[in-house]
Amino acid sequence: MTQAAPFAEIWRGPFLESVHKGHAVICDNTGQIVEAWGDPGRVILPRSSSKMIQALPLIESGAADARGLTTEQLALACASHNGAAIHTERVNVWMSDLGLSDDDFRCGPQEPDDRPARDALIRAHEEPCQVHNNCSGKHAGFLTLSQHLGGDAEYIDPNHPVQKACLEAFERTTGETSPGYGIDGCSAPNFACSLHGMARAMAHFAAAPDGSAEARLHQAMRLHPDLVAGEGRACTELMRAMDGKVALKTGAEGFFIAILPERKLGIAVKAACGTTRAAECAIAALLVRLGALDANHPATRKRLNAPILNRRNIETGTLRPASGLL
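Under the working numbering, the sequence shown is numbered contiguously, ending at residue 354.
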């Protein structure tokens with residue numbers, strides 16, 4: 029098996045202190061590998077990076093149009109949001125339109141990553157709700173699809189029509205038969221594939237014609253980067269830095285994807301150590317390599333050649349991409 033390739037380096041003064049390694053694939057619209065690092069055939073769980081695929085049945089079934097879902101709602105269906113008011117207020121309205129409440133979610137409560145939202149809960153002596161879960165938009169999409177299909181309340185069950193539709197979309201876009209699934213942090217099944225398969229799926233999205241379900245989803249993400257993640261997050265900041273020309277999505281345990289419609293390319297990145305900073309550094313480096321991202325943009329500099337500060341705000345080192353990625 030091909031070994032993981034160097035992704036990101038941590039330098040402290042003149043010393044190389046540590047190295048993050050991983051696997052990455054750039055794929056074209058024919059499904060072929062353009063460039064690869066590490067092992068393209070590595071079987072992975074794409075985690076939240078697969079949310080666009082999980083949202084495909086929402087549109088393809090006719091459920092999205094029957095409910096008149098907006099581009100904001102489609103972006104939220106693909107989101108791992110911060111639980112800020114801009115996210116929770118929109119998801120709550122969506123749930124109300126479905127005649128449902130927070131109790132109908134199956135994602136579980138989560139403390140918001142958004143500090144104002146978290147502080148507001150503390151001041152009000154309130155506990156986080158399921159709508160604060162970073163996956164609540166995806167689950168609102170699942171519930172919309174479940175209503176359309178006449179499914180029961182347990183929409184996260186792998187045998188539920190919703191999840192069967194997600195598996196069909198996953199295997200169709202990756203071009204592979206999934207070897208199985210793991211249960212994600214939000215309790216829904218997360219289907220496995222090879223890293224090449226995930227990059228192939230993202231290239232499929234990138235090459236999809238206007239009006240298709242795939243195009244509608246990545247267009248919604250690029251139109252509403254603040255809803256896909258939130259302030260301070262790599263997905264949001266890097267999409268803004270590229271003027272909405274590229275869709276980005278992070279996933280837990282060091283996963284990242286990119287959809288480049290103008291180039292009809294897809295990228296999938298997996299940090300072998302599962303570290304977010306390694307995946308963010310790698311995806312930024314590959315986007316710079318492809319000419320899609322300005323290396324000197326402030327959002328890029330936070331991930332490439334980023335200063336490491338100590339508690340006195342003294343620069344003690346840097347996070348740099350491995351030379352093989354640039």
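By construction, the Cβ of each residue, glycine as well, lies at the ideal position given by its N, Cα and C atoms. None of the values given here were measured: they were computed from a predicted structure.
Name the two residues that bound the continuous alpha helix (DSSP H) containing residue i.
i: G169; result: 164 to 177
i: V190; result: 189 to 202
i: R329; result: 326 to 329
i: T99; result: 99 to 105
i: G225; result: 223 to 235
i: N120; result: 113 to 125
i: I311; result: 304 to 317
i: I184; result: Note, I184: premise wrong, no alpha helix (DSSP H); not H, not E.
i: P4; result: The displayed coordinates of the chain run from 29 to 354. Any statement about residue 4 would go beyond what the structure contains.
For residue i, count neighbouring Cβ atoms within 10 angstroms of its own Cβ and tell me buried if that reaches 16, exposed if not.
i: N161; result: buried
i: E45; result: exposed
i: A197; result: buried
i: H153; result: exposed
i: L337; result: exposed
i: V274; result: buried
i: T205; result: exposed
i: D147; result: exposed
i: Q422; result: Any answer about residue 422 is impossible in this case: the structure gives the chain only from 29 up to 354.
i: V119; result: buried
i: Q60; result: exposed
i: I311; result: buried
i: P140; result: buried
i: G260; result: exposed
i: A145; result: buried
Please work out which residues of its chain come closer than 6 Å, Cβ to Cβ, to residue i, disregarding the five sequence neighbours upstream and downstream, and give them in chain order.
i: A248; result: T99, L102, A103
i: M80; result: C106, L245
i: A262; result: E308
i: V316; result: A323
i: R95; result: T172
i: W65; result: A33, A52
What separation, rounded to the nearest whole angstrom, lies between the Cα atoms of residue i and residue j?
i: H188; j: I38; result: 45 Å
i: P207; j: G225; result: 12 Å
i: A216; j: P42; result: 45 Å
i: I54; j: E308; result: 16 Å
i: A236; j: R200; result: 14 Å
i: N313; j: V47; result: The amino acid occupying residue 313 in the given sequence is Ala; Asn does not appear at that position. If you take the alpha carbons of A313 and V47, they lie about 15 Å apart.
i: A269; j: A296; result: 19 Å
i: H51; j: L223; result: 8 Å
i: E242; j: R348; result: 33 Å
i: A36; j: C301; result: 11 Å
i: R331; j: A320; result: 15 Å
i: A33; j: L354; result: 13 Å
i: L276; j: C221; result: 19 Å
i: S77; j: R151; result: 33 Å
i: D132; j: D125; result: 13 Å
i: L318; j: P326; result: 18 Å
Less than 8 Å between C-beta atoms, sequence neighbours within five positions excluded: which residues of the same chain meet that for residue i?
i: A234; result: N57, H246, I287, L288, P289, R291, K292, L293, G294
i: P137; result: E155, P156, C157, Q158, H160, N161
i: H67; result: Correcting the residue identity first, residue 67 is Asp in this sequence and not His. Same-chain partners within the cutoff: M29, T30, Q31, A32, H51, L223.
Along the chain, where does the beta strand (DSSP E) containing residue i start, and where does it finish?
i: I342; result: Per DSSP, I342 belongs to no beta strand (DSSP E) and is neither H nor E.
i: E37; result: 33 to 40
i: L337; result: 334 to 337
i: K28; result: The shown model of the chain, from 29 to 354, leaves out residue 28, and the question about it has no answer.
i: P85; result: Per DSSP, P85 belongs to no beta strand (DSSP E); it is in the alpha helix (DSSP H), 79 to 88.
i: P144; result: Looking at the DSSP string, P144 is not in any beta strand (DSSP E); the run it does join, the alpha helix (DSSP H), is 143 to 151.
i: G210; result: 209 to 211
Name the one or two DSSP bridge partners that residue i has.
i: T278; result: F284
i: P349; result: A36
i: I61; result: C55
i: F43; result: R40
Excluding sequence positions up to five away, which residues of its chain have a Cβ less than 7 Å from the Cβ of residue i?
i: T264; result: P253, D254, V256, A257, G258
i: R75; result: D212, N218, G279, A280, E281, F283
i: P186; result: Y209, P217
i: A227; result: V53, I54, C55, G294, I295, A296
i: S129; result: M123
i: G169; result: A83, L86, A105
i: A306; result: F35, A36, H48, G50, G282, A299
Is residue i near the ligand PLP, judged by its Cβ being under 7 Å from some heavy atom?
i: I150; result: This structure does not include the ligand PLP; it has no bound ligands of any sort.
Is any beta-carbon of chain C found at less than 8 Å from that of residue i?
i: A83; result: The structure shown contains no chain C, having only a single protein chain.
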